[in-house]
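Heads up: the sequence shown begins at 303 in my numbering, then just goes up one per residue.
Inspection log for the structure reproduced underneath, given as structure tokens.
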Amino acid sequence: MKITLNEAAEILLSQDNILILTHKSPDGDTIGSGYALCMGLRQLGKKANVVCSDEFSKKYNYIVDNAPSQDFDVKFIVSTDVADTQLLGDKLSVYADKINLCIDHHGSNTDFAEKSYVEPTAAATAQIIKKLLELMNVRIDKNIANAVFTGVCTDTGCFRYTNVTAETHRIAADMIECGADSGTINRIMFDTKSRARIEVERMVLDTMEFFADGQGALVCLTQKMLEDTGATDGDTEGIAAIPRQIEGVKVGITMREKENGIYKFSVRTSDDIDASAICANFGGGGHRAAAGCVIDGGYENAKNKMIQAATAETERGL
303 MKITLNEAAE
313 ILLSQDNILI
323 LTHKSPDGDT
333 IGSGYALCMG
343 LRQLGKKANV
353 VCSDEFSKKY
363 NYIVDNAPSQ
373 DFDVKFIVST
383 DVADTQLLGD
393 KLSVYADKIN
403 LCIDHHGSNT
413 DFAEKSYVEP
423 TAAATAQIIK
433 KLLELMNVRI
443 DKNIANAVFT
453 GVCTDTGCFR
463 YTNVTAETHR
473 IAADMIECGA
483 DSGTINRIMF
493 DTKSRARIEV
503 ERMVLDTMEF
513 FADGQGALVC
523 LTQKMLEDTG
533 ATDGDTEGIA
543 AIPRQIEGVK
553 VGITMREKEN
563 GIYKFSVRTS
573 DDIDASAICA
583 NFGGGGHRAA
593 AGCVIDGGYE
603 NAKNKMIQAA
613 TAETERGL
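In structure tokens form, the structure reads like this:
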């Protein structure tokens, strides 16, 4: 059931012993949103924990270390930045039908929770969490500000994506005034890469192929690349943006090998091409400029299906 943000605030104020779920392969927005909410709830005297099916990259320790796990019996479950229960991952799948409240910004949200607040115009879920905490009269301290700023800057590509609005900038400015280490966070998120990441990036670039008369570019990240370099999920964050960065490319696609011939696709597009429409062909979704899906059947089959769908959408968008 859809609710207002005010109603979401009232519900959280009436609850305690709250478990906050983040999505698998966690990014800065799900982590920043989850921990900002967790720290805000604890400030109000409530017990709360953030959990994920996958480990958080060490680069987020400046957020995670500020809210160590607490012991309590879970009474209420919230998800942050989760559009579909399939994104919870194996460890959290047991909560798929037990989520009481969902806070999200994906237009493709499947309305899986008992109650949901979804704001598709928000550039990041962290943007919503900031407003939610204010409605709950939480004082936004430095640690919460760092978490919110991280969510906003990572989901906007350091404020470069078309999802950025004037409100996004105002919220980022508010977080800086509350003590967020904006320069340090942006350096960690966008200017610092591990050696494993550089090696994986080189290998991924070697797989690049173009389609739709050069308006589309596709790369592939394989399991062998990860094994050969020792790269972790944290090292691969942001690779999906690479194909779209090429001059003249309007559709950038990254396919990542999973298991049993299954490939996960991340699609990034320019203003006039709908990434979510491309991914909808395969049961996926997301935003107009950034979306994802899964295709099985092996490398060539998955790649060709995606290129065909992306080419068709590119021609419609011209």
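Quick reminder that beta carbons are idealized off the backbone N, C-alpha and C, glycines included.
Best match in the options for proximity to residue i [C-alpha to C-alpha]
i: Asn439; options: Met510, Leu314, Ala428, Glu529; result: Leu314
i: Glu561; options: Asp598, Thr538, Thr534; result: Asp598
i: Val521; options: Ser496, Lys605, Glu436, Glu416; result: Lys605
i: Ala290; options: Ser418, Tyr397, Asp457, Asp515; result: Not covered by the structure: residue 290. The range shown for the chain is 303 to 620.
i: Glu503; options: Asp515, Val384, Leu528; result: Leu528
i: Asn445; options: Cys595, Ile478, Gln610; result: Ile478
i: Ala415; options: Ala426, Asp386, Thr427, Asp476; result: Asp386
i: Pro422; options: Asp383, Asn402, Arg441; result: Asp383
Boundaries (first-last residue) of the beta strand (DSSP E) holding residue i
i: Gly550; result: Premise fails: Gly550 is in no beta strand (DSSP E) and is neither H nor E.
i: Leu390; result: Neither: Leu390 is in no beta strand (DSSP E) and is coded neither H nor E.
i: Glu357; result: Taken as a continuous stretch (DSSP letters only), Glu357 belongs to no beta strand (DSSP E), as it is neither H nor E.
i: Leu507; result: Premise fails: Leu507 lies in the alpha helix (DSSP H), 497-508, not in any beta strand (DSSP E).
i: Phe512; result: 511-513
i: Gly342; result: That residue, Gly342, is in no beta strand (DSSP E); its alpha helix (DSSP H) goes 330-345.
i: Ala593; result: 592-597
i: Ser484; result: No beta strand (DSSP E) holds Ser484; the alpha helix (DSSP H) holding it covers 484-488.
Three-way DSSP call (helix, strand, coil) for residue i in this model
i: Thr556; result: strand
i: Leu520; result: strand
i: Arg570; result: strand
i: Lys417; result: strand
i: Asp530; result: helix
Beta-carbon contacts of residue i that lie in its chain and below 7 Å, excluding the five residues immediately before and after
i: Lys400; result: Ile379
i: Lys668; result: Residue 668 lies beyond the residue range present for the chain, which begins at 303 and ends at 620; the question has no answer from this structure.
i: Lys433; result: Leu307
Buried versus exposed call for residue i [16 or more other C-beta atoms within 10 Å across all chains shown]
i: Val569; result: buried
i: Ser395; result: exposed
i: Met557; result: buried
i: Leu390; result: buried
i: Gly459; result: buried
i: Gly453; result: buried
i: Gly330; result: buried
i: Gly550; result: exposed
i: Glu546; result: First, the residue type needs correcting, since residue 546 is Arg and not Glu in the sequence shown. Answer is buried; the Cβ neighbour count reaches 16.
i: Ala482; result: buried
i: Asn351; result: buried
i: Gln525; result: exposed
i: Glu615; result: buried
Proximal residues to residue i (C-beta, below 6 Å), its chain only, five neighbours per side dropped
i: Ala449; result: Gly334, Tyr337, Ala338, Ile365
Element boundaries [alpha helix (DSSP H), containing residue i]
i: Lys444; result: 444-457
i: Cys581; result: 577-582
i: Asp375; result: From DSSP, Asp375 is part of no alpha helix (DSSP H); its letter is neither H nor E.
Sequence-distant residues of its chain with Cβ nearer than 8 Å to residue i (five each side left out)
i: Ala543; result: Gly459, Gly554, Arg570
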